[in-house]
Amino acid sequence: SQQGEEDPQALSIQEGENATMNCSYKTSINNLQWYRQNSGRGLVHLILIRSNEREKHSGRLRVTLDTSKKSSSLLITASRAADTASYFCATDPTPNAGGTSYGKLTFGQGTILTVHP
Amino acid sequence: GAGVSQSPSNKVTEKGKDVELRCDPISGHTALYWYRQSLGQGLEFLIYFQGNSAPDKSGLPSDRFSAERTGGSVSTLTIQRTQQEDSAVYLCASSFTSRGSHYEQYFGPGTRLTVT
Numbered sequence: 002s003q004q005g006e007e008d009p010q011a012l013s014i015q016e017g018e019n020a021t022m023n024c025s026y027k028t029s030i031n032n033l034q035w036y037r038q039n040s041g042r043g044l045v046h047l048i049l050i051r052s053n054e055r056e057k058h059s060g061r062l063r064v065t066l067d068t069s070k071k072s073s074s075l076l077i078t079a080s081r082a083a084d085t086a087s088y089f090c091a092t093d094p095t096p097n098a099g100g101t102s103y104g105k106l107t108f109g110q111g112t113i114l115t116v117h118p
Numbered sequence: 114g115a116g117v118s119q120s121p122s123n124k125v126t127e128k129g130k131d132v133e134l135r136c137d138p139i140s141g142h143t144a145l146y147w148y149r150q151s152l153g154q155g156l157e158f159l160i161y162f163q164g165n166s167a168p169d170k171s172g173l174p175s176d177r178f179s180a181e182r183t184g185g186s187v188s189t190l191t192i193q194r195t196q197q198e199d200s201a202v203y204l205c206a207s208s209f210t211s212r213g214s215h216y217e218q219y220f221g222p223g224t225r226l227t228v229t
């Protein structure tokens, strides 16, 4: 079952504009990760934010995490046509009673981003 | 260094046949994961390996699905008596682990399985 819900399902913008994608989840997490997928094949890891972090940056990417609202957002600034892809959030659940988190990711349905030149 | 590799990249098989999908993780990554991506179900977790053992097989959809990992490296996912609903892209990922914590997962390009 999908824990994450992403919105919007599709986003179409012009090059140079910013793109914001949101992700909501249901259970406690150890960390939340964002991935990018081109043409329905392999996923590329973008950024990982831990449950005790609130914001993280990587180049033109900015991720926020609000554990009280169980939500995260991915902001891509100054978008480029090459950013056109599907973007997924994935949650890594809180460690089990034994204290081990083993990275079983639960993915959202994804946001399809189209950046027009 | 080399990333995660998967083979074959595409596989077309007849209903009822068995198929084997292979994953070669990044060297040094002890954790290996199989996921499945299909139009109706999105990305689903199938099975997780830590070394050669599989502590979590909860995502395998039926007993027709099995997986093994040998030498803490290469893994094969086997689907017996394939059905049309098995058609999907099968993705493998590996990650580094330390003191029980897991890090970002690196995905292979996937195997697109079509059952006719």
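From first to last, the protein sequence lines are chains F and V.
First residue of the first sequence: 2, per the working numbering; consecutive thereafter.
First residue of the second sequence: 114, per the working numbering; consecutive thereafter.
Cβ coordinates follow ideal geometry from the N, Cα and C atoms, glycine included.
Nearest-angstrom Cβ-Cβ length linking residue i and residue j, presumed shorter than 8 Å
i: serine 80 (chain F); j: threonine 112 (chain F); result: Between threonine 112 (chain F) and serine 80 (chain F) the Cβ distance is about 13 Å, and since that is not below 8 Å, they are no contact.
Contact list for residue i against chain V, beta-carbon separation under 8 Å
i: threonine 107 (chain F); result: Phe158
i: glutamine 110 (chain F); result: Gly155
i: histidine 46 (chain F); result: Glu217, Gln218, Tyr219 and Phe220
Residue i - containing beta strand (DSSP E), residue span
i: tyrosine 203 (chain V); result: 201-208
i: histidine 142 (chain V); result: Careful: histidine 142 (chain V) lies outside any beta strand (DSSP E) and carries neither H nor E.
i: serine 122 (chain V); result: That residue, serine 122 (chain V), is in no beta strand (DSSP E); it is neither H nor E in DSSP.
i: proline 94 (chain F); result: 86-94
i: threonine 227 (chain V); result: 224-228
i: asparagine 19 (chain F); result: Here asparagine 19 (chain F) belongs to no beta strand (DSSP E), and DSSP marks it neither H nor E.
i: lysine 57 (chain F); result: 56-59
i: serine 74 (chain F); result: 72-77
i: serine 68 (chain F); result: Residue identity differs from the one stated: residue 68 (chain F) is threonine in this sequence, not serine. Unbroken run through threonine 68 (chain F): none, as it is neither H nor E.
i: proline 168 (chain V); result: 166-169
i: leucine 134 (chain V); result: 132-137
Contacts of residue i in chain F (Cβ-Cβ under 7 Å)
i: phenylalanine 178 (chain V); result: Neighbours of phenylalanine 178 (chain V) on chain F: none; closest Cβ ~16 Å, over 7 Å.
Opposing strand residues paired with residue i [DSSP bridges]
i: arginine 51 (chain F); result: F:Asn32
i: arginine 182 (chain V); result: V:Ser188
i: threonine 195 (chain V); result: None; threonine 195 (chain V) has no bridge partner.
i: glycine 155 (chain V); result: V:Ser151
i: leucine 12 (chain F); result: F:Leu114
Closer than 8 Å at the beta carbon, the chain F residues around residue i
i: aspartate 137 (chain V); result: Correct list: empty, because the minimum Cβ distance to chain F is about 13 Å.
i: serine 208 (chain V); result: Gly104
Interface partners of residue i on chain F, CB under 9 Å
i: proline 222 (chain V); result: Arg42 and Gly43
Contacts of residue i in chain V (Cβ-Cβ under 9 Å)
i: leucine 49 (chain F); result: Tyr216 and Glu217
i: glutamine 34 (chain F); result: Glu217 and Gln218
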